[in-house]
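Just so you know, UniProt numbering puts 231 at position 231 of the sequence shown, and the rest follows in order with no gaps. See below for the structure under consideration.
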Amino acid sequence: MLEVRRFRHLDDFVRENEGDARARLRLLGFAICWTGFEVFLGSRCSRERGRRRTCGSVGFVSAVISLSRRTLKPTHFQLFIAMANEEEDLKAIMEKHNTKWFNVECVPQCFTFSKEERPGDAPIPICNKIPVIDLGKSQKIETIKQLLQAGQEFGFFQVINHGILENVATQTLSTFEEFFNNMTDEEKVNVASRKGWIFTGSEEEVKNGVHLWRDNIKHPCHPLDKCMQSWPDKPATYREVVGRYVAEIRMLSLTILELICQGLGIESGYFNEQSEVQLLSANNYPACPDPSLTLGILKHFDPSLITIIYQGNVSGLQVLVDGKWMCVEAVPNAFVVNIGNQLEIISNGKLRSVEHRAVTNSKEARTSIAIFVNPTPNSIVEPAKVLLNDSNPPLYKSILYKDFINASKAFGAHTDVIQNDS
Ligand SMILES: O=C(O)CCC(=O)C(=O)O
Ligand SMILES: [Fe+2]
């Protein structure tokens, strides 16, 4: 097969040929030829298939003609083939390679985000300002102060000495790694639709027209006795290991919420009803040949009250700090906590829900487990009354949680399923 991997996309070609006016002219000629052919074929083929076929055949014919006239360098021939390849969709790539979607040597076009959205080549520094808060300290007032300050400034913090044994988290992460690695995607999708959990492989997961570089499973995880029987039963330890993990995370989330309650001056137990739903979302981001082009999760706000994330030893979570992307360090045995939209509303803007995203890396796969602590669909979310007075009017309207979720389609195509399940 022809070596086409040098040109990952058109940008690379143009960059490499900057200043080469003749190459540009040839490219222009090619483009005119291509467009004409496309118009001609457009009347005969469906748009999608037509584009792909046209691209391949026109690229090939133009390249052969140009080569025979010695007006084109072999690298240009490569470009045309690469362009034709870029038009392939994910299904075709998988069929061709007869393997998983991520076993490719260069990033296919359908995974390449626009310049505005993709991480790019510039190194993203670790944010050492995001606090790592020691929950084991006896000075509760100090802990509360740190939690509030982090929630105000960054919307993110990490917690250590949280009381959850390290092997509870690491075993859960390994269980998810096994889950993602061992079943075929088809098996996962088929079982998921029968069982009520949701598996979204990268093949289906398209954001702004581009596939995310991740596989994902989502399911409700509270109360345990109600939802556990609908979880995956492969690997055989899934329910036991994940069940123990989510029970521990529930306790941790209630502890953090209670501390925040005290810090804000809201009556104790305010969040009891507001935190009745817990949703698990585990991500697997395989190693990627060019992380500068891809995203595991597009930038977003969490629609939760709070989210608790375990990312093991592999970082990849990035947060917007003062308008710049910063990396959240992978701290051993720590949980990352972020303030979601609902807590921003309840705190009347005192705590901030901040945009974040997940990037990929070229060395190793990354697995993360996010637990969203959410209000029940029918609870009303509004600024807590005690925080309001003449000089602090409500900054947000009251809203039914399910209306918020449905309007923002916060869980994408699966929003309705998740609402009905919870
Ligand atoms: O993988 C991560 O660390 C990010 C997860 C996340 O932001 C989410 O699931 O909402
Ligand atoms: Fe998130």
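In this text, a Cβ means the ideal position worked out from N, Cα and C, and glycines have one as well. Computed from a prediction, not measured in an experiment: that's the story for all the values here.
- Taken atom to atom, the span from the alpha-carbon of residue 162 to that of residue 109 is near 43 Å.
- Scanning its chain for C-beta atoms nearer than 7 Å, with the 5 sequence neighbours on each side dropped, one finds around residue 241 the residues 171, 172 and 175, in chain order.
- By the neighbour-count criterion, in which a residue is buried when 16 or more other Cβ atoms sit within 10 angstroms of its Cβ, residue 188 is buried.
- Judged by DSSP in its simplified three-state form, residue 135 adopts coil rather than helix or strand.
- Taking residue 341 as the centre and dropping the five residues before and after it, the same chain places the C-beta of 301, 303 and 353 closer than 6 Å to its C-beta, in chain order.
- Relative to the non-hydrogen atoms of ligand 1, the Cβ of residue 312 never comes closer than 7 Å to any of them.
- Taking the C-beta atoms as reference points, residue 337 is found nearer than 8 Å to residue 256.
- By the neighbour-count criterion, in which 16 or more other beta carbons inside 10 Å mark a residue as buried, residue 312 falls on the buried side.
- Within the DSSP bridge table, the entry for residue 326 names 319 as partners.
- Rounded to whole angstroms, the Cβ separation of residue 386 and residue 266 is 6 Å, and the two are in contact under 8 Å.
- The Cβ atoms of residue 246 and residue 376 lie no closer than 8 Å to each other.
- Annotation: the region 150-182 contains the following complete segments of the alpha helix (DSSP H) (minimum length 4 residues), in chain order: 166-182.
- Between ligand 1 and the CB of residue 376, the shortest heavy atom gap is not smaller than 7 Å.
- Taken in chain order, the unbroken stretches of beta strand (DSSP E) that lie wholly in the region 319-385 and span 3 residues or more are 324-327, 335-339, 356-358 and 366-374.
- Between the alpha carbons of residue 281 and residue 379 lies a gap of roughly 22 Å.
- For the pair of segments examined, the region 126-138 was found to touch the region 147-164: the number of CB pairs separated by less than 8 Å reaches three.
- Residue 288 is positioned such that its CB atom lies closer than 8 Å to that of residue 213.
- The Cβ atoms of residue 292 and residue 123 do not sit closer than 8 Å to each other.
- Residue range 238-264 is occupied by the alpha helix (DSSP H) that includes residue 255.
- Counting along the chain, residue 274 sits inside the alpha helix (DSSP H) bounded by residues 270-274.
- Distance from residue 360 to residue 296 at the Cβ level is roughly 5 Å; contact confirmed, criterion being Cβ atoms closer than 8 Å.
- Within its own chain, the residues whose Cβ lies closer than 6 Å to the Cβ of residue 369, once the five positions on either side in sequence are excluded, are 282 and 310, listed in chain order.
- According to the DSSP assignment, residue 279 belongs to the beta strand (DSSP E) that extends over 277-285.
- Beyond the five residues adjoining it in sequence on each side, residue 345 comes within less than 6 Å, by CB distance, of 381 and 396 in the same chain, given in chain order.
- A heavy atom of ligand 1 is found nearer than 7 Å to the CB of residue 370.
- Checking the DSSP bridge columns, you'll see residue 215 partnered with 284.
- A direct Cα-to-Cα measurement between residue 100 and residue 367 gives close to 17 Å.
- DSSP places residue 199 inside the beta strand (DSSP E), whose first and last residues are 198-200.
- Nearest C-alpha to residue 167 among 260, 357 and 244: 244.
- By the neighbour-count definition (other C-beta atoms within 10 Å, threshold 16), residue 155 is a buried residue.
- With respect to the C-alpha of residue 232, the residue from 269, 404 and 183 having the closest C-alpha is 183.
- Ranked by Cα distance from residue 316, the options 178, 348 and 365 are led by 365.
- A direct Cα-Cα distance of roughly 31 Å separates residue 306 from residue 115.
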